[in-house]
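Encoded as structure tokens, the structure appears first; notes follow it.
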Amino acid sequence: MKQALQLISAGLLSIAVPAQASSGSEPFVEIEVIDGGLSAQGTYIGALRVTLQDGWKTYWRSPGDSGIPPSFTWRGSRNVGEMSITWPTPEVIMSGGFQTIGYHNQLVLPVEITPQSSNKPVRLKGRMELGICKDVCVPAELKFDHQMDPEAGRHPAIAAALANRPYSASEAGVKAAKCTLSPTKYGMRVEARITMPSAGGTEVAVIEPGSQQIYAGDTTTQRTGGILTASTEFLPATTGAFALDRSQLRITVLGSHHAVDIQGCTAG
């Protein structure tokens, strides 16, 4: 269902938006790479800063009932070994009867880069494809090309985004995360039972499969005392059978007080 909504959303809009496409004199969306210097471990700290027109939104890595998840291409980058991305806690947004997950006005996406060679410069080049929405939704392709500055100091926007990451399971007091798998007509249903304190208000859980060959349907979330139960159905992105690895499942709980990032679950 979610994939169908995403395809419908994309199919209704046939115009791709370049990085600084504008309405009048103002761009819908812009991107820039910002520097945060070197870490104590010798890695480069930076971020992709996506700035949208006032009132516009874009999507988290799992967009919810509709929307286009961001994707990245790093072609043209130089001296980039390992790279990790930290997603700040997103908003849960109700729009037109659909629940979506994303960010309004601006997204600062921290990246940490381990260079292949410590004595050579690091160039971060590529493009980010994403969906942006206000009264209408359009896809955008944002290109960036930046040589990282090892002499840069700590950047407040990067620090704020890192501070706004979800708590880890241990930080949030998660005692257990157990997943039951059961086959369905077309895929596999996952029910996760998480023993944890409330994240505040009406909690929304998202279960990600850890594979691009699998996509998830809608997730239902219910709390009974100290147990949060979340369930979803996973379906193959193409025809054929698939297997689920509980250790690769990623469960994010979004509450009014904080979010929690749970890596993997056990049988149960």
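Residues -21 to -1, 1 to 247, numbered by mature numbering (1 follows the signal peptide of the UniProt record, and there is no 0), are exactly what the sequence shown covers, in order. Virtual Cβ for every residue (Gly too), placed ideally from N, Cα, C. Owing to the predicted nature of the structure, the values given are computational and were not obtained by experimental measurement.
Secondary structure of residue i, DSSP reduced to three states
| i | result |
| --- | --- |
| residue 235 | coil |
| residue 47 | coil |
| residue 95 | coil |
| residue 161 | strand |
| residue 54 | coil |
| residue 36 | strand |
| residue 145 | coil |
Residue j beta carbon less than 8 angstroms from that of residue i
| i | j | result |
| --- | --- | --- |
| residue 90 | residue 26 | yes |
| residue 130 | residue 55 | no |
| residue 185 | residue 174 | no |
| residue 22 | residue 93 | yes |
| residue 52 | residue 105 | yes |
| residue 193 | residue 215 | yes |
| residue 160 | residue 207 | no |
| residue 48 | residue 41 | yes |
Opening and closing residue of the alpha helix (DSSP H) in which residue i lies
| i | result |
| --- | --- |
| residue 135 | 135 to 142 |
Cross-strand partners of residue i (DSSP beta bridge)
| i | result |
| --- | --- |
| residue 77 | 74 |
| residue 254 | Since the first residue shown for the chain is -21 and the last is 247, residue 254 is missing from the structure and cannot be characterised. |
| residue 110 | 118 |
| residue 14 | 25 |
| residue 187 | 229 |
Cβ of residue i within 8 angstroms of any chain D Cβ
| i | result |
| --- | --- |
| residue 167 | Chain labels in this structure do not include chain D; a single protein chain is all it has. |
Where the beta strand (DSSP E) containing residue i begins and where it ends
| i | result |
| --- | --- |
| residue 216 | Residue 216 -> no beta strand (DSSP E), and no H or E assigned at all. |
| residue 62 | 59 to 64 |
| residue 203 | 199 to 203 |
| residue 195 | 193 to 195 |
Residue i CB to nearest heavy atom of the ligand FMN below 7 angstroms
| i | result |
| --- | --- |
| residue 224 | Within the structure as shown, the ligand FMN is missing, as the structure has no ligands at all. |
Inter-stretch contact at 8 angstroms, needing at least 3 Cβ pairs: the segment 144 to 152 / the segment 7 to 14
no
Pairs of beta-carbons, one from the segment 156 to 167 and one from the segment 103 to 120, closer than 8 angstroms: are there three or more?
no
For the segment 67 to 86 against the segment 30 to 37, do three or more pairs of beta-carbon atoms, one drawn from each stretch, fall closer than 8 angstroms, so that the two count as touching?
The segment 67 to 86, when compared against the segment 30 to 37, does touch it at the 8 angstroms Cβ threshold.
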